[in-house]
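These notes are about the structure you will find just below.
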Amino acid sequence: MMSEEVGMDVQPDEVSIYQTPSQHFDAENPRSESVRKEKVNLESEMEMAAVTEDEVARDISQGLFQDDGDSKDEDDVDSGTCYPESNASGTCLQRARRVGSTIFPDTFQTSHLLYYERFKAYQDYMLGDCKMSEVKAFTVDYLEKEVEPCDWQALWCMGPFDVLLEVVEVEYSEMRAKVEVVLPLRCEARGCQVTEEDIRGMLEATRHTVPLRELHAVYDDSGDFDSTALALEHLRFFYQHIWREWDEEDEDDDFDYFVRYVEPRLRLYYDILESRVPASLVAEYHALVAQCSAKFREFSSLRNGLSGDSSGSDSELGNVSMVEGLRMYEQMEELKRKLRIIENPLLRYVLGHRFNSGQVCSMAKGPRPEGSRRVVHVVSASATVSLLQGLMAEKLAPHYSGDDFEVQLFSDPQLAVAACYEGDVVIVCPGHYSISNPISIPDSILLEGYGLPDEVVIEKGGKGDAFVESTGASVKISNLKFIEHDAIEGILCVRQGKLEMENCVMQCETTGVIVRTSAELLMNMCDLYGAKGAGVEIYPGSVCSLLGNGIHHCKEGVLIKDVADTLDRKPRISMVNNVIHNNEGYGVVLVREDDKPAKMDTHADEADSGSAPAEGDPAAAAATAAAAEEEEEPVEAVSVESDLPEAEIPIIVVEGEEEQEQEEEEEEKEEEKKTQYRGISQRQEEATSIKCDDATSTSADAASSTDAASSTATDARRLRRQISRANQGGSMQADASLPSQDVFVSIQGNQFKRNGQADFGTFLY
Numbered sequence: 100m101m102s103e104e105v106g107m108d109v110q111p112d113e114v115s116i117y118q119t120p121s122q123h124f125d126a127e128n129p130r131s132e133s134v135r136k137e138k139v140n141l142e143s144e145m146e147m148a149a150v151t152e153d154e155v156a157r158d159i160s161q162g163l164f165q166d167d168g169d170s171k172d173e174d175d176v177d178s179g180t181c182y183p184e185s186n187a188s189g190t191c192l193q194r195a196r197r198v199g200s201t202i203f204p205d206t207f208q209t210s211h212l213l214y215y216e217r218f219k220a221y222q223d224y225m226l227g228d229c230k231m232s233e234v235k236a237f238t239v240d241y242l243e244k245e246v247e248p249c250d251w252q253a254l255w256c257m258g259p260f261d262v263l264l265e266v267v268e269v270e271y272s273e274m275r276a277k278v279e280v281v282l283p284l285r286c287e288a289r290g291c292q293v294t295e296e297d298i299r300g301m302l303e304a305t306r307h308t309v310p311l312r313e314l315h316a317v318y319d320d321s322g323d324f325d326s327t328a329l330a331l332e333h334l335r336f337f338y339q340h341i342w343r344e345w346d347e348e349d350e351d352d353d354f355d356y357f358v359r360y361v362e363p364r365l366r367l368y369y370d371i372l373e374s375r376v377p378a379s380l381v382a383e384y385h386a387l388v389a390q391c392s393a394k395f396r397e398f399s400s401l402r403n404g405l406s407g408d409s410s411g412s413d414s415e416l417g418n419v420s421m422v423e424g425l426r427m428y429e430q431m432e433e434l435k436r437k438l439r440i441i442e443n444p445l446l447r448y449v450l451g452h453r454f455n456s457g458q459v460c461s462m463a464k465g466p467r468p469e470g471s472r473r474v475v476h477v478v479s480a481s482a483t484v485s486l487l488q489g490l491m492a493e494k495l496a497p498h499y500s501g502d503d504f505e506v507q508l509f510s511d512p513q514l515a516v517a518a519c520y521e522g523d524v525v526i527v528c529p530g531h532y533s534i535s536n537p538i539s540i541p542d543s544i545l546l547e548g549y550g551l552p553d554e555v556v557i558e559k560g561g562k563g564d565a566f567v568e569s570t571g572a573s574v575k576i577s578n579l580k581f582i583e584h585d586a587i588e589g590i591l592c593v594r595q596g597k598l599e600m601e602n603c604v605m606q607c608e609t610t611g612v613i614v615r616t617s618a619e620l621l622m623n624m625c626d627l628y629g630a631k632g633a634g635v636e637i638y639p640g641s642v643c644s645l646l647g648n649g650i651h652h653c654k655e656g657v658l659i660k661d662v663a664d665t666l667d668r669k670p671r672i673s674m675v676n677n678v679i680h681n682n683e684g685y686g687v688v689l690v691r692e693d694d695k696p697a698k699m700d701t702h703a704d705e706a707d708s709g710s711a712p713a714e715g716d717p718a719a720a721a722a723t724a725a726a727a728e729e730e731e732e733p734v735e736a737v738s739v740e741s742d743l744p745e746a747e748i749p750i751i752v753v754e755g756e757e758e759q760e761q762e763e764e765e766e767e768k769e770e771e772k773k774t775q776y777r778g779i780s781q782r783q784e785e786a787t788s789i790k791c792d793d794a795t796s797t798s799a800d801a802a803s804s805t806d807a808a809s810s811t812a813t814d815a816r817r818l819r820r821q822i823s824r825a826n827q828g829g830s831m832q833a834d835a836s837l838p839s840q841d842v843f844v845s846i847q848g849n850q851f852k853r854n855g856q857a858d859f860g861t862f863l864y
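Residue numbering for the sequence shown is 100 to 864, as defined by the working numbering.
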């Protein structure tokens, strides 16, 4: 079988982009040119034989697919990277044609690989189940198997120029290639002039070696270099979008690197590529990556300076530098924690509001200029006489007949809203209106449909962050039906201000209504269904009143995001006479942090902080020990298992054991640091005989540095525990006590029917 040739375990029903190209480069099974041509011909015949069933039967009868059991699996033809042609002579990759006239040959098209192709490449071929410390070794081993060792051409693509090179040797351990310039010189410069002497000078400065990930293999239709081109692409993509320079600093080397980092980052990359992540969250993520990179380089520079200067660590300046290094480490860990939350799909959904507060898409116009009349914007796809007569009799004459109003006609509701000032009115006549861009409402206006909601339909096509965004101080929408497609942040997002919805229908596809921090929503007698996420998402610090609504056929009915940090306020929610039914998960879910590990951390931190005075003050040590004994008894007496349902005990016990192990390891590290600091203090005390005047101040500075370092180390330990919990994701569980939470101002008269899990649940992270 082909899998035996390349030394990989490939299931017959799996699609592999490596089976065909890898057979030419297996060093243990070299093949002659005649055998290679025979296999290429057989593959072409197999592809042509798929035209009709009669031809397949005839080919089989003639023995066209018998080649010592090395026939190619038909599933390989379905790979997203293989585009075989009937006249092709072996390659299964497309040609990347350079735009315009160029002096360069074409390269392989490998930059448009699908998610599952990169996923399979990293999981099965490049990284496997390696740990953080084994990434480079596994990558080097992968390159040794897939990349041709010499005699192939490639484009060296730098920022200012591209140049054609010949690879004469590959240094696998360094992931670099020894190259020579192809004569005559082929070079394209952008914004500068580059000569052959300049290229040769650059290569001599690097000893004629360049990084492999900067090379793009020249196209060859023989198929001999398919594996090389794919390996270079996966290496290049890995170091551009997956690998972070601080990954190798991770102290926890027991986790599978692919599961912990590669899979979530790869999924996030394609979610961003497919516009599945809000633009503001994408910008926040890239900003966090840049900040963490800068902080890591600053921290590494300080650490290298301390390790290189042995005398500096004994001085007061060395103490200050060590404390500053701990603070920088704490800041870096906080940035890494935020990045992991965004990279994790589940935590990004439930906790992304910590960083993605949303952006106002348009500025409010405010009131019209003095002396101008208020405008009633009438939207109608086809204005008939009878429609205008009814509209005049039922709407315009009773409410807007004064001299303060004038009427303007529109055929697009989006244009009508965009033309509004503070206090304007938009009346949408019956019809089906299709729009392609979001509707932004920055001013206090009234948007209402003339007729029943099913008669006045606004449908949005195409992708975008949201369908309707409200930021006005007081906005009202009534008697409309909204149909959403591919809106990342929901069918309606209240970013700020107050929005009142009445008698509306919302047919969702992704997420339902979102109430951001400091926003207010009053939803009355509305029908919402079809959301793949929650029907209503309520963020910290918001006010939400749900009265007499139907919320059904969503993943979750109502999702409440509890306080994220000390600066947030709890949301205030009123739920009266709603019918929440036929949702996949829970009717109402509260997202909150699991405070039980936090409580255990608090006891540990108190113990650590209480042990410090015992070194210098026996009386204080005795008092601290007595206090610890008094606190220890109730802690031991209260069992974690006694206050929780029996089904939850195993989870909490495991978490407690992990926390205890982490605390023991961290306490050992803390003791080593304290020993080092005590040694510094002793050396400073010995110096008092020489400089008596400075002894007191030096000792005080050392003590303050020690206290600051201990405090910073404690904070860093707390951050590591939070990161550990974030990596583990979260757990969803039923919670019948949820209505008693203080986030509910009023909750009564609601009906819950046929929800998949339970009426109320809690997501703990």
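Ideal Cβ positions, reconstructed from N, Cα and C, are used throughout, including at glycine. Predicted, not measured: the structure shown is a model, and the values here were computed from it.
Asked                                                                                                                                                                 : Found
To the nearest angstrom, how far is the alpha carbon of residue 171 from that of residue 631?                                                                         : Since pLDDT at residue 171 reaches only 40, below the 50 mark, its modelled position is unreliable, and the value read off the structure follows with that caveat. For residue 171 and residue 631, the distance between alpha carbons rounds to 40 Å.
In terms of residues, what are the limits of the alpha helix (DSSP H) holding residue 498?                                                                            : 496-499
Quick check on DSSP: helix, strand or coil for residue 327?                                                                                                           : helix
Could you check the C-alpha separation between residue 436 and residue 856 for me, to the nearest Å?                                                                  : 30 Å
Take every Cβ of the region 289-300, pair it with every Cβ of the region 230-250, and state whether three or more of those distances are shorter than 8 Å.            : no
State the beta-bridge partners of residue 859 as determined by DSSP.                                                                                                  : 687
On the CB-based measure, 16 or more other CB atoms within 10 Å of its CB, does residue 341 come out buried or exposed?                                                : buried
Does DSSP classify residue 340 as helix, strand or coil?                                                                                                              : helix
Give the DSSP-derived three-state secondary structure of residue 544 in the structure shown.                                                                          : coil
Quick check on residue 628: does DSSP put it in helix, strand or coil?                                                                                                : strand
Taking 8 Å as the cut-off, decide whether the C-beta atoms of residue 624 and residue 645 are in contact.                                                             : no
Here's a check: name, in chain order, each residue in its chain whose Cβ is nearer than 7 Å to the Cβ of residue 847, leaving out the five neighbours to either side. : 675
Distance, Cα to Cα, residue 506 vs residue 557?                                                                                                                       : 21 Å
Assess, as a yes-or-no matter, whether the region 353-368 is touched by the region 272-290 under the definition of 3 or more beta carbon pairs within less than 8 Å.  : no
Let's see if you can read the secondary structure: which residues bound the alpha helix (DSSP H) around residue 301?                                                  : 295-304
Does the count of Cβ pairs from the region 575-582 and the region 598-615 closer than 8 Å reach three?                                                                : yes
Determine the DSSP secondary structure at residue 849, reduced to helix, strand or coil.                                                                              : coil
What's the call for residue 859, buried or exposed, on a 16-neighbour Cβ count within 10 Å?                                                                           : buried
Give the DSSP-derived three-state secondary structure of residue 422 in the structure shown.                                                                          : helix
Quick one: using the 10 Å Cβ neighbour count with 16 as the cut-off for buried, is residue 354 buried or exposed?                                                     : exposed
Quick check on the burial criterion: 16 or more other C-beta atoms within 10 angstroms. Buried or exposed for residue 670?                                            : buried
Would you mind working out which of 442, 491, 378, 529 sits nearest residue 588, comparing C-alpha positions?                                                         : 378
Using 8 Å as the threshold, is the C-beta distance between residue 289 and residue 260 below it?                                                                      : yes
Note down the Cα distance separating residue 496 from residue 504, rounded to an integer number of angstroms.                                                         : 11 Å
Name the residue from 523, 262, 482 whose alpha carbon lies nearest to the alpha carbon of residue 468.                                                               : 523
Using alpha carbons as the reference points, say which of 443, 397, 444 lies closest to residue 428.                                                                  : 397
Taking the CB atoms as reference points, tell me whether residue 543 and residue 521 lie closer together than 8 Å.                                                    : yes
I need the DSSP call for residue 623, collapsed to helix, strand or coil.                                                                                             : strand
Is residue 854 helix, strand or coil by DSSP?                                                                                                                         : coil
Alpha carbon to alpha carbon, how far is residue 638 from residue 619? Give it in angstroms, no decimals.                                                             : 10 Å
Starting from the Cα of residue 345, find the closest Cα among 272, 432, 262 and give me that residue.                                                                : 432
May I have the straight-line CA-CA distance separating residue 252 from residue 271, to the nearest angstrom?                                                         : 17 Å
Does DSSP classify residue 155 as helix, strand or coil?                                                                                                              : Annotation note: pLDDT 38 at residue 155 (below 50); position unreliable, coordinate value reported separately. Helix at residue 155.
Determine the closest residue to residue 312 out of 657, 565, 462, 209, with distance taken between C-alpha atoms.                                                    : 209
With H, G and I counted as helix, E and B as strand and the rest as coil, what does DSSP make of residue 584?                                                         : coil
If residue 642 and residue 661 are in contact, beta carbons under 8 Å, what's the gap, nearest whole angstrom?                                                        : Not a contact, Cβ separation roughly 15 Å.
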